[in-house]
Amino acid sequence: MKDYYKINEIARLYGIGADSLRYYERLGLLSPRRDVNGYRLYSLKDMYKLTVIRGLRTLDFSMEQIREFLEGQCVDNTLGQLRREQDILEEKLRELKRRKGLIAKRIAGLEEAKKITAGEITLTEMPERRCVCLEQYITRDEEMDFVIKKLHKKHADRIQDLGTQKIGAFFSDEVIWKGVANSYDSVFFILEGRREECDFVLPEGTYASCFYRGSYEQNAEQVRRVLDYLENEGLSASGGAFELYRIDNRDTIREEEFLTEIQIPVKMPAQQKVSGFRY
């Protein structure tokens with residue numbers, strides 16, 4: 001084994017750029033000697049330090065923390081460093097487990113959504129759902145995306161992953177009474193916890209539900225279908241109509257793959273109740 005290696009040999013061996021090696025030298029972490037022609041020569045000690053640097057960088061240690069470790073290395077410091085590394089890795093494992101759960105949840109949601117039959121109107125018992133919302137008049141998809149981002153930013157401390165978040169929007173009166181599509185009064189997120197602080201509650205009860213696929217331009221027509229269904233059944237709405245986005249631009253750029261659910265709370269006769277809950 002050679003005692004010294006040139007910069008290109010070290011770069012190939014460690015899979016890093018020569019610029020990174022020069023940067024570590026400027027910080028004083030590596031101290032290569034120079035040959036008669038001025039070329040850098042890295043010793044086995046430099047290689048050991050580089051191994052330590054690379055390992056600590058993967059754990060997001062700052063360059064200053066790495067410098068302190070290299071300058072004060074002893075058994076006690078190494079033990080302390082190893083324990084810190086252990087804590088960091090355990091935290092990373094917890095985060096990976098959390099992200100794995102979110103991915104599994106999203107996969108399950110999309111697989112379920114693909115099986116849903118669009119166009120059918122049903123009456124479904126729903127549990128109480130706590131929600132946060134942002135009231136704003138919206139008529140364009142771009143506005144909707146912007147308002148969703150604003151609402152997410154407002155509650156980023158408890159809604160970390162927008163990909164699995166249940167998102168909905170209340171229709172404006174223009175949709176209900178004038179048949180104007182894609183017009184909304186507010187956007188809301190349905191929270192997971194049953195006791196979380198919220199802006200409003202979708203009450204437990206019976207909801208008329210209808211799924212449709214494709215463009216949001218058809219939502220006024222779909223709302224009218226649900227209202228006509230209720231009228232034909234001798235029922236009436238007990239609250240505002242809203243839609244929930246089961247497959248949207250978070251999942252696909254193909255508009256024909258969008259899946260949206262319209263829900264309208266229903267005032268049911270005292271003696272009549274729909275069996276079963278859907279969450």
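Per UniProt numbering, residue 1 is the first one in the sequence shown, and the count goes up by one each step. Even for Gly, the Cβ is constructed at its ideal location relative to N, Cα and C.
- request: Could you check if Thr58 is buried or exposed, using at least 16 other CB atoms within 10 Å of its CB as the buried criterion?
  value: To locate residue 58, count along the sequence shown from 1; it is residue 58. Under this definition Thr58 is an exposed residue.
Q: Look up Ile167 in the DSSP assignment and give the residues it is bridged to.
A: Reading the sequence shown from its first residue, position 167 is the one you call residue 167. Answer is Phe189, bridged to Ile167.
**Item:** Where the beta strand (DSSP E) through Glu261 begins and ends
**Value:** By 1-based counting over the sequence shown, the position of residue 261 is 261. 259-267 is the extent of the beta strand (DSSP E) around Glu261.
Pull the bridge partners of Phe200 from the DSSP assignment, please. As a position in the sequence shown, residue 200 is number 200, starting the count at 1. DSSP, once it has assigned bridges, lists Cys131 as partnering Phe200.
In whole angstroms, give me the CA-to-CA distance for Met268 and Glu90. The sequence position of residue 268 within the sequence shown is 268, counting from 1. The sequence position of residue 90 within the sequence shown is 90, counting from 1. If you take the alpha carbons of Met268 and Glu90, they lie about 52 angstroms apart.
Going by the beta-carbon positions, is the gap between Val201 and Glu128 smaller than 8 angstroms? In the sequence shown, the residue the question calls residue 201 occupies position 201. In the sequence shown, the residue the question calls residue 128 occupies position 128. It is a contact, given that the beta carbons lie within the stated cut-off.
Let's test the definition: count the other Cβ atoms within 10 Å of the Cβ of Lys150 and tell me whether it reaches 16, buried, or not, exposed. By one-based count along the sequence shown, residue 150 stands at place 150. Exposed, because fewer than 16 other Cβ atoms sit within 10 Å of the Cβ of Lys150.
I'd like to know if the stretch 180-187 and the stretch 215-235 are in contact, where contact means that at least 3 CB-CB pairs between them fall below 8 angstroms. yes
Residue from Asn37, Asp46, Asp161, Ile7 whose Cα sits closest to the Cα of Leu30: Start at 1 with the first residue of the sequence shown, and residue 30 comes out as number 30. Nearest option by C-alpha distance: Asp46.
Mind checking whether Leu110 and Ile253 have CB atoms under 8 angstroms apart? Taking the sequence shown and counting its residues from 1, the one referred to as residue 110 is at position 110. Taking the sequence shown and counting its residues from 1, the one referred to as residue 253 is at position 253. Not a contact, by the Cβ cut-off of 8 angstroms.
Would you tell me roughly how many angstroms separate the C-alpha atoms of Gly168 and Ala11, rounded to the nearest one?
Within the sequence shown, the letter at position 168 stands for residue 168. Within the sequence shown, the letter at position 11 stands for residue 11. Approximately 52 angstroms between the Cα atoms of the pair.
Suppose only complete runs of 3+ residues qualify. What are the beta strand (DSSP E) ranges in the UniProt domain "HTH merR-type" (4-72), listed by chain order?
4-6, 40-43
- Name the DSSP beta bridge partners of Glu217, please? Along the sequence shown, read from residue 1 onward, the residue named residue 217 stands at position 217. DSSP output for Glu217 lists no bridge partner at all.
- Reducing DSSP to helix, strand and coil, say where Thr124 ends up. On the sequence shown, residue 124 is found 124 positions in, with the first residue counted as 1. If DSSP states are grouped into helix, strand and coil, Thr124 belongs with the strands.
Counting pairs of beta carbons, one from the stretch 221-236 and one from the stretch 159-166, are three or more of them closer than 8 angstroms? no
request  = Report yes if the CB atom of Phe211 is closer than 8 angstroms to the CB atom of Leu259, and no otherwise.
outcome  = Position 211 of the sequence shown, counted from the start, is the residue given in the question as residue 211. Position 259 of the sequence shown, counted from the start, is the residue given in the question as residue 259. Closer than 8 angstroms, so yes.
#### Entry: Secondary structure of Leu244, DSSP reduced to three states
Locating residue 244 in the sequence shown gives position 244, where the first residue counts as 1. In the structure shown, Leu244 sits in a strand (DSSP, three-state: E or B).
- Query: How about Asp185 and Val132: do their beta carbons lie closer than 8 angstroms?
  - Reply: On the sequence shown, position 185 is the one that residue 185 refers to. On the sequence shown, position 132 is the one that residue 132 refers to. Not a contact, by the Cβ cut-off of 8 angstroms.
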